[in-house]
Each structure stands twice: as structure tokens, then as C-alpha cells.
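Asker:
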Amino acid sequence: MVTSKPHAILLASPGMGHIIPMVELGKRLLTHHAFHVTIFVVTTDSATTNSQILEQTSNLSSLNIVNVPPIDLSDKLPPNPPLAARIGLTIVESIPFLRSSITSIKDLSPPSALIVDMFGLPAIPMASELGMLTYVYFATSAWFSAVTVYFSAVDEKIMETHAESREPLLIPGCEPVRFEDTLEPFLSPGGELYEGYLQAAKDIVAADGILMNTWQDLEPSATKALRDNGILGRFTKGETYEIGPLVRTIEAKPEGGEKDAILRWLDRQPPESVIYVSFGSGGTMSENQMREIALGLELSQQRFVWVVRPPCEGDASGTFFNVSSGIDGTLSYLPEGFLGRTEGVGIVVPMWASQAQILEHPATGMFVTHCGWNSVLESVVNGVPMVAWPLYAEQKMNAFMLSEELGVAVRVKEEAGGVVGREQIAELMRRVMVDEEGVGMRSKVKELKLSGEKALCMFGSSHHSLCEIREACEVHLQSSDTKLSP
Ligand code: UDP
Numbered sequence: 013m014v015t016s017k018p019h020a021i022l023l024a025s026p027g028m029g030h031i032i033p034m035v036e037l038g039k040r041l042l043t044h045h046a047f048h049v050t051i052f053v054v055t056t057d058s059a060t061t062n063s064q065i066l067e068q069t070s071n072l073s074s075l076n077i078v079n080v081p082p083i084d085l086s087d088k089l090p091p092n093p094p095l096a097a098r099i100g101l102t103i104v105e106s107i108p109f110l111r112s113s114i115t116s117i118k119d120l121s122p123p124s125a126l127i128v129d130m131f132g133l134p135a136i137p138m139a140s141e142l143g144m145l146t147y148v149y150f151a152t153s154a155w156f157s158a159v160t161v162y163f164s165a166v167d168e169k170i171m172e173t174h175a176e177s178r179e180p181l182l183i184p185g186c187e188p189v190r191f192e193d194t195l196e197p198f199l200s201p202g203g204e205l206y207e208g209y210l211q212a213a214k215d216i217v218a219a220d221g222i223l224m225n226t227w228q229d230l231e232p233s234a235t236k237a238l239r240d241n242g243i244l245g246r247f248t249k250g251e252t253y254e255i256g257p258l259v260r261t262i263e264a265k266p267e268g269g270e271k272d273a274i275l276r277w278l279d280r281q282p283p284e285s286v287i288y289v290s291f292g293s294g295g296t297m298s299e300n301q302m303r304e305i306a307l308g309l310e311l312s313q314q315r316f317v318w319v320v321r322p323p324c325e326g327d328a329s330g331t332f333f334n335v336s337s338g339i340d341g342t343l344s345y346l347p348e349g350f351l352g353r354t355e356g357v358g359i360v361v362p363m364w365a366s367q368a369q370i371l372e373h374p375a376t377g378m379f380v381t382h383c384g385w386n387s388v389l390e391s392v393v394n395g396v397p398m399v400a401w402p403l404y405a406e407q408k409m410n411a412f413m414l415s416e417e418l419g420v421a422v423r424v425k426e427e428a429g430g431v432v433g434r435e436q437i438a439e440l441m442r443r444v445m446v447d448e449e450g451v452g453m454r455s456k457v458k459e460l461k462l463s464g465e466k467a468l469c470m471f472g473s474s475h476h477s478l479c480e481i482r483e484a485c486e487v488h489l490q491s492s493d494t495k496l497s498p
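Numbers 13 to 498, taken from our numbering, label the letters of the sequence shown in order.
1. Which of the three DSSP states is assigned to Gly-464 in this structure?
2. I want to check one thing, is the minimum distance from the CB of Asn-79 to the heavy atoms of the ligand UDP below 7 Å?
3. Glu-231 and Trp-155: beta carbons closer than 8 Å?
4. Answer yes or no: do Phe-150 and Ile-99 have a C-beta to C-beta separation smaller than 8 Å?
5. Would DSSP call Ala-151 helix, strand or coil?
6. Would you kindly check if the distance between the Cβ of Gln-314 and the Cβ of Ala-467 is under 8 Å?
7. Ala-212 lies in the alpha helix (DSSP H); which residues open and close that run?
8. Taking the alpha helix (DSSP H) that Pro-232 falls in, what are its first and last residues?
9. So within the stretch 110-145, which uninterrupted alpha helix (DSSP H) runs reach at least 4 residues, ignoring any that extend past its ends?
10. Which first and last residues belong to the beta strand (DSSP E) in which Met-470 is found?
11. Please go through the stretch 281-311 and give each complete beta strand (DSSP E) segment of 3 or more residues, from N-terminal end onward.
12. Looking at the unbroken alpha helix (DSSP H) that takes in Leu-346, where does it start and where does it end?
13. Opposite Thr-252 in the DSSP bridges: which residues?
14. Nearest CA to the CA of Ala-3: which residue from Leu-346, Leu-244, Val-487 and Lys-408?
15. Helix, strand or coil, according to DSSP, for Ala-438 in the structure here?
16. Alpha carbon to alpha carbon, how far is Leu-478 from Glu-36? Give it in angstroms, no decimals.
17. Do you know how far the Cα of Pro-201 is from the Cα of Met-171?
18. According to DSSP, which residues form a beta bridge with Arg-260?
19. Taking the alpha carbon of Met-398 as the point to measure from, which residue in Tyr-404, Val-424 and Glu-406 has its own alpha carbon closest?
20. I'd like to know if the stretch 406-422 and the stretch 380-393 are in contact, where contact means that at least 3 CB-CB pairs between them fall below 8 Å.
21. Roughly how many angstroms separate the alpha carbons of Leu-183 and Glu-406, rounded to a whole number?
22. Among Ala-24, Ser-113 and Gly-292, whose alpha-carbon lies nearest the alpha-carbon of Leu-389?
23. Touch check for the stretch 22-38 and the stretch 114-129: three-plus C-beta pairs under 8 Å?
24. On a CA-only basis, which of Ser-474, Gly-433 and Gly-395 is nearest Leu-462? Give me that one, please.
25. Compute the minimum distance between the beta carbon of Ala-368 and the heavy atoms of the ligand UDP, and state whether it is under 7 Å.
26. If distances are taken between C-alpha atoms only, which option among Pro-283, Leu-22, Leu-41 and Ile-359 comes closest to Val-320?
27. Among residues of its own chain, excluding the 5 on either side of Ser-58, which ones have a beta-carbon nearer than 7 Å to its beta-carbon?
28. Can you tell me whether Ser-387 sits near the ligand UDP, meaning its C-beta is under 7 Å from at least one heavy atom of the ligand?
29. Give every residue of the same chain whose Cβ lies closer than 6 Å to the Cβ of Ser-492, excluding the five residues on either side of it in the sequence, and list them in chain order.
30. Roughly how many angstroms separate the alpha carbons of Phe-316 and Gly-294, rounded to a whole number?
31. So Met-138 packs on Ile-103, CB below 8 Å; how close in whole Å?
32. Any heavy atom of the ligand UDP inside 7 Å of the beta-carbon of Ile-32?
33. Pairs of beta-carbons, one from the stretch 436-451 and one from the stretch 183-196, closer than 8 Å: are there three or more?
34. Using the beta-carbon count (16 or more within 10 Å), is Asn-386 buried or exposed?
35. So what does DSSP say about His-382, is it helix, strand or coil?
36. Looking at the structure shown, is Glu-355 part of a helix, part of a strand, or coil, going by DSSP?
Now the structure itself:
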């Protein structure tokens, strides 16, 4: 039945770190803001599509999830292309399917808005052509969004100075970005990565609005700078909206349903006594680093749940596209005797764990994280302090924010040879789990948890932002004679 409800089309690009926040946004629009929602999931492997993430949305039958048929890029890219190039081309190749699917939607109100993440930008011209509003969803911090908005208009000389003299990058109204935390594209002004990111930044500021998975009280300076009347607001065509913290919500198991073995084990541990160690959907480490983590865990004498992946030399985002790759059935890469010595004290989980459930379990007391923004938010909304171990993308900025500004994490220090030693690892774990310092961090992160809940409640700032987007879509729906046609 055609209704007057606004209809949002969400485009989730490949990688769990992209799919999860888009699905959560879709759920929120559907359940709290009375949107029709269709989510197109672009993926490079069918294992991801069939993953538990999508299955877990099954209780929302009105959330329409469409899997874009997998795209074969084997003859279109050189071997081992950069992550961004692979994601970007997959999206471009998906556009004809998207277009024909959108134009053939007949039984709901015509789509009034397209929401894409940073990799979905190539789909924006199609949406504009079809008369839809366009929004970019930064499933990350306002600070990172602010850097991107500023970058869209920056003088290249400023970027050259940042890269060459290693001066901090001054972002109006926000914390500067230290050279050691800077983004990879900024390291080579004029280079391919730099130009690609610059074009993306220009496309982002030209959209009808920018959504960010954060909230005002978490990042007061950056959100203020980005507002319409803020110092960076003048660079964007549309408004910037803080809509978070949107994190993964897990469907409760039916009464009497089988509980995950890890959760059953956690049920038997004392409150806040277990360290959870995981480096996101893509994070992989070298064999030497895996050994040091194992021995550091032993040295710390703390309980733990550790998600492990087979070692991968020189590629910190090794499993980003396919979290089920590389399972060889053995854990032979762990130090000899480690599993036996830690039996009963810790659990090693190959490849993938139910992170959201582990972090919300009362026995979990700390998270060693690569600082992917979803992981950060999942930790914060559960009041869990962190050891920040950034690997790639904007994770070093996230680690800085957590440790230096918010005081809810201690950060790993790089060591000569590039491998963080077991002594440092054990010391950081004990600082959070045992020392007085950890008590302070725990209480700060619990305050943040409360402020996040407040932002999402009926009169909260993030709820209000999504109401504004709904209003804009309603007005658009009423005013536009829709151009949707094949
Ligand atoms: N995740 C999970 N189990 C794992 C690893 C990751 O459920 O073993 C989820 C995690 O809860 C988060 C997402 O995958 O929602 C990872 O996103 P994040 O932004 O933290 O990092 P990315 O994978 O994008 O680097």
C-alpha cells in the first residue's frame, strides 16, 4: 500500500564495520521515527551477507533488506588493491542494480532520501537524479567528520606543512590532529590517496545533510563547530546531525534457547573480572605480535576472552572483507602450551565472537580494542574502560580521544621493531583492571554511558536530530513531484 510515510534507502558498503551501523540506523528510523526503510547491502562475499548480523534483524519484518548480488572484481583491479579502492569499485559496479531496484519500488511511498556511508558516495548523483534527498552517514566521530569537512576546503599548503614539518593539523573549533595520529591520505599531499579523499570530502559537504554516530555531550567542541552556525558549518551545504550512540542491539534468545558457550562461561565469572580482546572485523596481527599478546595475557594473571585470527604479516586489516577466511581449524600459531596453561582462566575464540553480547555482560571488565568506532561505542554504552590499540583508518584519532581527552582508556605505546612486548601489554591490563587508575576510568566511562542514553531518549539531542531528518523528508515528499521512473 502506498503511504505518506517517508521512505529512506540506506546503502551499506562492504565490511562488517560498515554494514552494522547502517543496519542499526535503519532499525532506529523504522522503530522510533516511523520511516519505511530499505537497506541495500553491498558485499564482496556471500558469507558476510548470510552472517548473523542480518539474521538478527529478522524480528523486524518491515525492515526491507536487499542483498546486492556479489560483484566479481577479479579482472578489474590489480592483485591486492588497497581496501578503499576495492570497496569503491564494488559500489560503482552496484549502481545499475540499485537504480533499477529503487525505480521499481511500487508498493511503498517513493523513496525520499538516500543515506550512504563514505564509500557509498558514487551513488549520490543517481539519487539526486531520481529526486531524492541525499545524506552521508559518518558512522564515526564528529571529530573525524570535522577533519573531513575542513579538508574539503583547506589550502594544500597547510596540508604540506602538516606532512613535511609534522606539525599538528589545526582544525577550527576542534582538537588539533597530531602528526602521529594523522590519516594516511594526509601523508602525501597531491598523491592518489590524498586526491581521492579530497574528492570524497567535497562530495560529502555537497550532500543535503551529514549524519554522525556520536552525541553532543561526548564531543561538545566538534559538534558545535560543525553546526549550521558553527565555524565549520559554513563549509557544508546541509545540516550536520549527531544521531548516536547507535550500537548493535541483539535479539533476545527465545525462552529456553541455547546460550552461547562464551556467555555461559562469562555467567560463572565475577563481575567486571574478564578482559575482552578483539581487533574488529578486519584486524590481524603478525605471528610475533600474537605471541606477545598471549604471553602478556598470561603475565597479567587476569581472566580473558580473546578473538584470534591466523597471523597476517604486514596487513593490519587482513580480514576486513571476509571474516570467515583463513579458518584452518587449529590454533597452532599460539605459543606452545598457552591453551593448556590458561584453561579455565581464559577463552580463545577463532575469528568472530558475539562482541555486543560479551561487552554487555556484567562479567566483562575491560576491552582491548583496535578503536574501530563501533567497538568504541559498544564499549562506552556498556560502561567498559579500554586499552586502545589502534591499527588503521582513523583509529589513532579515536585512541587519542579515548585516552587523552575522555580518560576512559590507556593507550598502547609503539615499541622498537614494531611489536608491542608482553610486559607492556600485561602492565596496561593491570593498570585498568587492578590499579586505582582503572577505578577512575571505569567511573568516567559509566558517566559517558549515561550521557549516551540521555541523548537517545525522547527529549535527547540525538533523538531530536532524527526527528529533524524525518521532517525534512516529509516536506520533501510533499513538495516534490517524484521523478522516479525507470
Ligand atoms: N564484531 C563482532 N565480533 C567480532 C569482531 C567484530 O561482533 O569478533 C563487530 C563489532 O561488535 C563491531 C563491528 O564488528 O560492531 C566492528 O566494527 P568496528 O568499527 O569496531 O571496526 P572495523 O571492523 O570496522 O575495523
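Quick reminder that beta carbons are idealized off the backbone N, C-alpha and C, glycines included. Predicted, not measured: the structure shown is a model, and the values here were computed from it.
Answerer: For this structure:
1. For this step, residue 464 is matched to residue 452 along the sequence shown. Gly-464 falls in the helix class under three-state DSSP.
2. As a first step, residue 79 is located in the sequence shown; it is residue number 67 there, counting from the start. Not one heavy atom of the ligand UDP lies closer than 7 Å to the C-beta of Asn-79.
3. By 1-based counting over the sequence shown, the position of residue 231 is 219. By 1-based counting over the sequence shown, the position of residue 155 is 143. Contact: yes.
4. Here residue 150 is taken as the residue at index 138 of the sequence shown, counted from 1. Here residue 99 is taken as the residue at index 87 of the sequence shown, counted from 1. No; because the gap between Cβ atoms is not below 8 Å, this pair is not in contact.
5. Locating residue 151 in the sequence shown gives position 139, counting from the first residue. In the structure shown, Ala-151 sits in coil (DSSP, three-state: anything other than H, G, I, E or B).
6. Numbered from its first residue, the sequence shown carries residue 467 at position 455. Numbered from its first residue, the sequence shown carries residue 314 at position 302. Using a Cβ distance threshold of 8 Å, Ala-467 and Gln-314 do not count as a contacting pair.
7. As a first step, residue 212 must be located in the sequence shown, where it is residue number 200. Segment 204-217, the alpha helix (DSSP H) holding Ala-212.
8. For the purposes of this step, residue 232 is taken as residue 220 along the sequence shown, with counting starting at 1. Element bounds for Pro-232: 232-238.
9. With a minimum length of 4 residues, the continuous alpha helix (DSSP H) runs that stay inside the stretch 110-145 are 136-141.
10. Your numbering for residue 470 matches position 458 in the sequence shown. Annotation for Met-470: no beta strand (DSSP E) segment contains it, and DSSP assigns it neither H nor E.
11. Complete beta strand (DSSP E) runs here, min 3: 286-290.
12. On the sequence shown, position 334 is the one that residue 346 refers to. Taken as a continuous stretch (DSSP letters only), Leu-346 belongs to no alpha helix (DSSP H), as it is neither H nor E.
13. To locate residue 252, count along the sequence shown from 1; it is residue 240. In the DSSP assignment, Thr-252 is bridged to Ile-222.
14. Here the chain has residues from 13 to 498 only, and residue 3 is not among them.
15. Position 426 of the sequence shown, counting from 1, holds the residue named residue 438. Three-state result, Ala-438: helix.
16. On the sequence shown, position 24 is the one that residue 36 refers to. On the sequence shown, position 466 is the one that residue 478 refers to. Whole-angstrom Cα-Cα distance: 13 Å.
17. Here residue 171 refers to the residue found at position 159 when the sequence shown is read from its first residue. Here residue 201 refers to the residue found at position 189 when the sequence shown is read from its first residue. Spanning the two alpha carbons is a distance of roughly 7 Å.
18. Translated into positions along the sequence shown, residue 260 becomes position 248. Beta-bridge partners of Arg-260 (DSSP): none assigned.
19. Counted from its first residue, the sequence shown places residue 398 at position 386. For Met-398, the nearest C-alpha among the options comes from Val-424.
20. Touching, yes.
21. Looking up residue 183 in the sequence shown gives position 171. Looking up residue 406 in the sequence shown gives position 394. Position check: residue 183 holds Ile in this sequence, whereas Leu was assumed. A direct Cα-to-Cα measurement between Ile-183 and Glu-406 gives close to 15 Å.
22. Here residue 389 refers to the residue found at position 377 of the sequence shown. The shortest C-alpha separation from Leu-389 is found at Gly-292.
23. Yes, the stretch 22-38 touches the stretch 114-129.
24. Sequence index remark: in the sequence shown, residue 462 carries index 450 (1-based). Among Ser-474, Gly-433 and Gly-395, the Cα nearest to that of Leu-462 is on Gly-395.
25. The residue you call residue 368 lines up with position 356 of the sequence shown. Correct: Ala-368 has its Cβ closer than 7 Å to the ligand UDP.
26. Looking up residue 320 in the sequence shown gives position 308. Scanning Pro-283, Leu-22, Leu-41 and Ile-359 for the CA closest to the CA of Val-320 turns up Ile-359.
27. Walking along the sequence shown from the start, residue 58 turns up at place 46. Residue confidence is low: Ser-58 scores 49 on pLDDT, short of 50, so the model does not pin down where it sits. No coordinate-derived value is stated.
28. Sequence index remark: in the sequence shown, residue 387 carries index 375 (1-based). The answer is yes for Ser-387.
29. Here residue 492 refers to the residue found at position 480 when the sequence shown is read from its first residue. Only Gly-143 meet the Cβ criterion.
30. Your numbering for residue 316 matches position 304 in the sequence shown. Your numbering for residue 294 matches position 282 in the sequence shown. Their backbone Cα atoms lie some 20 Å apart in a straight line.
31. Along the sequence shown, one-based indexing puts residue 138 at 126. Along the sequence shown, one-based indexing puts residue 103 at 91. Contact check for Met-138 and Ile-103: beta-carbon distance about 11 Å, past the 8 Å limit, so the pair fails to qualify.
32. Sequence index remark: in the sequence shown, residue 32 carries index 20 (1-based). The answer is yes for Ile-32.
33. Contact annotation: the stretch 436-451 does not touch the stretch 183-196, with fewer than three C-beta pairs closer than 8 Å.
34. Taking the sequence shown and counting its residues from 1, one reaches residue 386 at position 374. Taking all protein chains shown into account, Asn-386 has 16 or more neighbouring C-beta atoms within 10 Å of its C-beta and is therefore buried.
35. Along the sequence shown, one-based indexing puts residue 382 at 370. Of the three classes helix, strand and coil, the one that applies to His-382 here is coil, per DSSP.
36. As a first step, residue 355 must be located in the sequence shown, where it is residue number 343. In this structure, Glu-355 counts as strand in the three-state DSSP scheme.
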